[in-house]
Amino acid sequence: MKTLSLVVPCYNEEESIPLFYQTVSKVIDKMNTPTPTVTPEYIFVDDGSADNTLAEMKTLHQANPETVHYRSFSRNFGKESALAAGLQATTGELVAVMDVDLQDPPELLPKMFALIENEGYDCVGTIQKERKGQSKLRAFLSSSFYRVINWISDVRIEPNARDYRLMTRQFVNTVLDLPEFNRFSKGIFSWVGYKTTYLTYESQPRAAGKTHWSLGQLFSYSIEGIIDFSNAPLRLATWVGSISFFLSIIGLIFVIVRALTVGGSVAGWPSLVVIMLLIGGIQLFCLGILGQYINKIYLETKHRPKYIVREEK
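Heads up: the sequence shown runs through residues 285 to 597, numbered per the working numbering.
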């Protein structure tokens, strides 16, 4: 019988934790009927929550000390850090990553388990169809992000892929061997390779509470993914600078030829200001792209930990 570790990042999810545990426990019980198949190991990670999330984790641990464990951060470090902390705490031969809000249907676990055990897959991921209640703008931006990153990156990321997946111990150990501070899990899961397949499921409503991801946070997260897995923005800055330089040479030649053939003319302030703003804007745009990459290098070279655990059981 194998141990199935369930990594569950949480941020202000006091209402969802009991519901998640009850629902997943029922699925595990079905997997163990009539023949015991897996032993569950729950790894809840409290990402610096401000509500009673940690208290709910402690309650579950006290009732199930052998199977339920938790790690609590000293502050909010973000979902990527919580995910890394959870993976590092696992001991099972199989590891699943799930959201606590039950938008990732636990009912898929038996099928995912069967694909790994019977078909020899190292990872079974999930793809969520269009989320119910999602605005058209949010859906458009999401699909656009996947088109862009798959166009400019050497690593293909499945559109609408979720973090929800079941992995072998070898797969997880390979992910943990990657030392970078800046982490984009969807890209990392794809980059390591291995034999992977995906299951598609209908969108599910949250079990409780509200989403903590704003449109701005999702946009920032998308930019992180693009920078982490592509140098295309740097190439774009190079091309923009080159085109600007080429156009300036053409403009210089035009001014010289005009002065020699027609004669000089008094330049107007509006045109001069527009040209200055154009060149300055291009320079700042290119410097901004370069700055993003330098910032990534700066964070990596400081060698700070991805998270700080305040307490764990």
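We treat Cβ as the ideally placed atom computed from N, Cα and C, and that holds for glycine.
Can you tell which of the options has the C-alpha that lies nearest to the C-alpha of residue i?
{"i": "leucine 483", "options": "Gly477, Asp388, Glu299 and Ile563", "result": "Asp388"}
{"i": "phenylalanine 361", "options": "Arg440, Cys294 and Gly471", "result": "Cys294"}
{"i": "valine 384", "options": "Ser300, Leu392 and Ala369", "result": "Ser300"}
{"i": "lysine 306", "options": "Leu460, Asn348, Gln372 and Pro318", "result": "A quick correction: the sequence has glutamine, not lysine, at residue 306. The option with the nearest alpha carbon to glutamine 306 is Asn348."}
{"i": "glutamate 298", "options": "Asp406, Leu344 and Lys286", "result": "Leu344"}
{"i": "lysine 286", "options": "Pro302, Met315, Lys470 and Asn296", "result": "Met315"}
{"i": "tyrosine 405", "options": "Gln412, Lys395 and Lys413", "result": "Lys395"}
{"i": "isoleucine 472", "options": "Arg440, Gly575 and Gln412", "result": "Arg440"}
{"i": "glutamate 595", "options": "Ala445, Asn457, Ala369 and Leu303", "result": "Ala369"}
{"i": "glycine 409", "options": "Ile592, Leu386, Ser474 and Gln567", "result": "Ser474"}
{"i": "phenylalanine 468", "options": "Gln412, Val593, Asn457 and Leu367", "result": "Leu367"}
{"i": "lysine 413", "options": "Leu392, Met382 and Arg446", "result": "Arg446"}
{"i": "phenylalanine 465", "options": "Val476, His587 and Gln346", "result": "His587"}
{"i": "valine 593", "options": "Leu338, Tyr577 and Asn296", "result": "Leu338"}
{"i": "tyrosine 326", "options": "Phe304, Asp335 and Glu442", "result": "Phe304"}
{"i": "tryptophan 523", "options": "Thr545, Ile537 and Ile566", "result": "Ile566"}
{"i": "aspartate 335", "options": "Lys342, Asn296 and Glu403", "result": "Asn296"}
{"i": "cysteine 407", "options": "Tyr478, Val322, His353 and Lys342", "result": "Tyr478"}
{"i": "leucine 386", "options": "Gln346, Ile527, Pro302 and Val476", "result": "Pro302"}
{"i": "isoleucine 563", "options": "Glu442, Leu392 and Ile527", "result": "Ile527"}
{"i": "threonine 481", "options": "Asp313, Glu403 and Tyr591", "result": "Glu403"}
{"i": "leucine 393", "options": "Ile578, Glu442, Val322 and Gln454", "result": "Val322"}
Mark residue i as exposed unless 16 or more other C-beta atoms lie within 10 angstroms of its C-beta, in which case mark it buried.
{"i": "glutamate 609", "result": "Nothing can be reported for residue 609, as the shown portion of the chain is limited to 285 through 597."}
{"i": "isoleucine 589", "result": "Per the sequence shown, residue 589 should be read as proline rather than isoleucine. Burial call: exposed."}
{"i": "glutamate 364", "result": "buried"}
{"i": "alanine 380", "result": "buried"}
{"i": "glutamate 340", "result": "buried"}
{"i": "lysine 470", "result": "buried"}
{"i": "threonine 317", "result": "exposed"}
{"i": "leucine 378", "result": "buried"}
{"i": "isoleucine 573", "result": "buried"}
{"i": "leucine 571", "result": "exposed"}
{"i": "glycine 575", "result": "exposed"}
{"i": "glycine 376", "result": "buried"}
Is it the case that the Cβ atoms of residue i and residue j are separated by a distance below 8 Å?
{"i": "threonine 374", "j": "serine 289", "result": "yes"}
{"i": "valine 311", "j": "proline 390", "result": "yes"}
{"i": "proline 324", "j": "threonine 351", "result": "yes"}
{"i": "leucine 371", "j": "leucine 462", "result": "no"}
{"i": "asparagine 444", "j": "isoleucine 411", "result": "yes"}
Per DSSP, what kind of secondary structure is residue i in: helix, strand or coil?
{"i": "glutamine 279", "result": "Limits of the chain in this structure are 285 at one end and 597 at the other, which puts residue 279 out of reach."}
{"i": "isoleucine 537", "result": "helix"}
{"i": "tyrosine 354", "result": "strand"}
{"i": "tyrosine 577", "result": "helix"}
{"i": "phenylalanine 328", "result": "strand"}
{"i": "arginine 467", "result": "coil"}
{"i": "alanine 380", "result": "strand"}
{"i": "aspartate 313", "result": "helix"}
{"i": "lysine 597", "result": "coil"}
{"i": "alanine 373", "result": "helix"}
{"i": "serine 289", "result": "strand"}
{"i": "tyrosine 482", "result": "strand"}
{"i": "tyrosine 305", "result": "helix"}
{"i": "valine 476", "result": "coil"}
{"i": "leucine 450", "result": "strand"}
{"i": "valine 323", "result": "Note on residue identity: the sequence assigns threonine, not valine, to residue 323. DSSP places threonine 323 in strand when its eight states are reduced to three."}
{"i": "alanine 368", "result": "helix"}
{"i": "alanine 334", "result": "coil"}
Taking 8 Å as the CB-CB limit, is residue i close to chain D?
{"i": "leucine 460", "result": "Of the protein chains in the structure, only one exists, and it is not chain D."}
Less than 7 Å separating the Cβ of residue i from some heavy atom of the ligand MN?
{"i": "proline 318", "result": "Here there are no bound small molecules, and the ligand MN is not part of this structure."}
Can at least three beta-carbon pairs, one atom from the segment 349-361 and one from the segment 322-330, be found at a separation below 8 Å?
yes
Between the segment 397-412 and the segment 443-450, do at least 3 Cβ pairs fall closer than 8 Å?
yes
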